[in-house]
Amino acid sequence: MVVFFLMLGLVGPYSAIAATTPSLGAAASYGVLGSTYTNTVAGTTVNGDVGFTTGPAVAPLGVHTNYGSGAPYSTAGIDQNSALSALNSQVCTFTFAPGAIDLATDTTHGPIGVYAPGVYCVSGAASIGAAGISLSGTGTYIFRINGAFTTVANSSVTLPGGASSCDVFWTPTSATTLGANSTMRGTIIDASGITIGSTALLTGRALAFGGTVTTDADTITVPSCVAPTPTPTPTPTLTPTPTPTPTPAPTLSPTPTPTSTPIATLTPTPFPTLPRAGIAPDNGTSWNLVAMVGIFATLASLYFARRKQATEGERSAQRQ
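When the letters of the sequence shown are read in order and numbered with mature numbering (1 follows the signal peptide of the UniProt record, and there is no 0), they come out as residues -18 to -1, 1 to 302.
So this is what it looks like as C-alpha cells:
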C-alpha cells in the first residue's frame, strides 16, 4: 500500500475527470485585451490583436488585425468572461494546502517543479520562483489562484512532452505580475490587471478586459491554436414505425343454394269399386238393397239351423 501511494506521488495528481480547454471565442485572437493598455517605452511587440478603450503612449510593434476598441473588442470581453466561468467551474484535481504557494518548489503535488495536466487550485497567492516549472504531457493545465500571481525575474515555464501554450490557463483573482526577463506560457485571464516586466516573453495572451494591461519592451505572441471542437449532441435515431401488415380480407365463398327436395306427389289410393249390379240408375248396384238381402239371408240361415237342431233333439228323445 505504501508503494502504491509513492507511485502516485511520482506521477502527480490523478483525476477521473480530465481538465478541458474552453473556447475563447473572439478573445482568442487578442495578445493584449484590457480597458486600459499602458506602454510607455519602445520595443514592445504584440503579434496578435490589441484591444483597449484607453490606448498606450507608444504603440506596440507586431502584426494586428484588430487594434483599439473597434469590433470585435466588446464581444471579446464577453467571451473572456465566458471562458473564465468555464475554467472556474471545473473540478480541482489537486488542491494545495492553504496559504501562499511557490509552484517551483512545492512537493505536495508530485515531482518538484513538474506538473501533469489537471486543474490545480490554490487557496491563496501563488508564485513561480527562479527554478521555474515544467508542464509535462499532452493535456489541459488550469491554475486557479485565489489571490495574486507573480513570477520572479528570469523564471520560466517550459512545455516538454507535447504540452501546448494553447492549453495552459492562469486565473488569479488579484493582480498578476510577470518578472523582468521571465518566460511565460499560456493565457492569463485577470480583470484585476496584468503587469509584464521588462523584456519578458509571453507565448499566450494577457486578457484583462475591465482592467489594465501594462507592457515594457516585451514580446507577446498569440499561439496558433485549433479551436476546440464542441462535442456534438447525438441526434437520436428515429426508429421507423413499422407499417402494419394488412389483414387479408376473407374470401367470401358463395353460400350454396340448397337443393329443394322434391315434394312427393301423392297418388290417391283407389277405393275398391264393387261390381256393378245393373240395378242403380248409373248401372251400378244399390248397396242398401244388397245389404238388406244379405242380412235377411243370414237370419234365415240361422233360423233353419236352429230348427234342424231342435228336430233332431226331439227325435233322439223319442227313441229313448
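In this text, a Cβ means the ideal position worked out from N, Cα and C, and glycines have one as well.
The C-beta of S51 has fewer than 16 other C-beta atoms within 10 Å across all chains shown, which makes the residue exposed. The shortest CA-to-CA distance from A8 to any of C103, G33, T181, I(-2) is the one to G33.
For the pair A292 and V275, the Cα-to-Cα distance works out to about 26 Å. Distances from the CA of T140 to each of A130, Y102, S118, V40 were compared; the closest alpha carbon is that of S118. V204 and Q72 have their C-alpha atoms some 24 Å from each other. Scanning the region 109 to 160 for uninterrupted beta strand (DSSP E) segments of 3 residues or longer gives 115 to 117, 123 to 127, 131 to 133, 150 to 154, 158 to 160, listed from N- to C-terminal end. Boundaries around A58 are those of the alpha helix (DSSP H), 55 to 70, since no beta strand (DSSP E) includes it. No Cβ-Cβ contact shorter than 7 Å links T194 with G161. In the DSSP assignment, V28 falls within the unbroken beta strand (DSSP E) covering 27 to 29. Listed as beta-bridge partners of I202 by DSSP are V28, L184. Residues of the same chain with a CB within less than 7 Å of the CB of S64, apart from the 5 flanking positions on each side, are G7 in chain order. Linking G95 to G106 through their CA atoms gives a straight-line distance of about 19 Å. The bridge partners DSSP lists for F76 are Y102.
By the Cβ-count criterion, F151 is buried, with 16 or more other Cβ atoms from all chains shown falling within 10 Å of its own Cβ. Setting aside the 5 residues that flank it on each side, G144 is surrounded in the same chain by G119, T120, each with a C-beta closer than 7 Å to its C-beta; the list follows chain order. Distance from I127 to V104 at the Cβ level is roughly 5 Å; contact confirmed, criterion being Cβ atoms closer than 8 Å. Taking 7 Å as the cut-off, the Cβ atoms of G111 and D84 count as close. In the DSSP assignment, T90 forms no beta bridge with any residue. Contact between S116 and P142 holds, with the beta-carbon distance rounding to 6 Å and staying under 8 Å. Shown here, I83 sits in a strand according to DSSP, grouped into three states. Taking the CA atoms as reference points, L43 sits about 26 Å from I60.
In this structure, DSSP gives S283 a helical state, which the three-state scheme calls helix.
Distance from the Cα of T185 is smallest, within the candidate group A199, S174, T165, Y55, for T165. Around the Cβ of L284, a 10 Å sphere holds fewer than 16 other Cβ atoms; the residue is exposed. Nearest neighbour of Y12 by Cα position, chosen from A82, S156, N48, turns out to be N48. When DSSP reads this structure, R167 sits in a beta bridge with T185.
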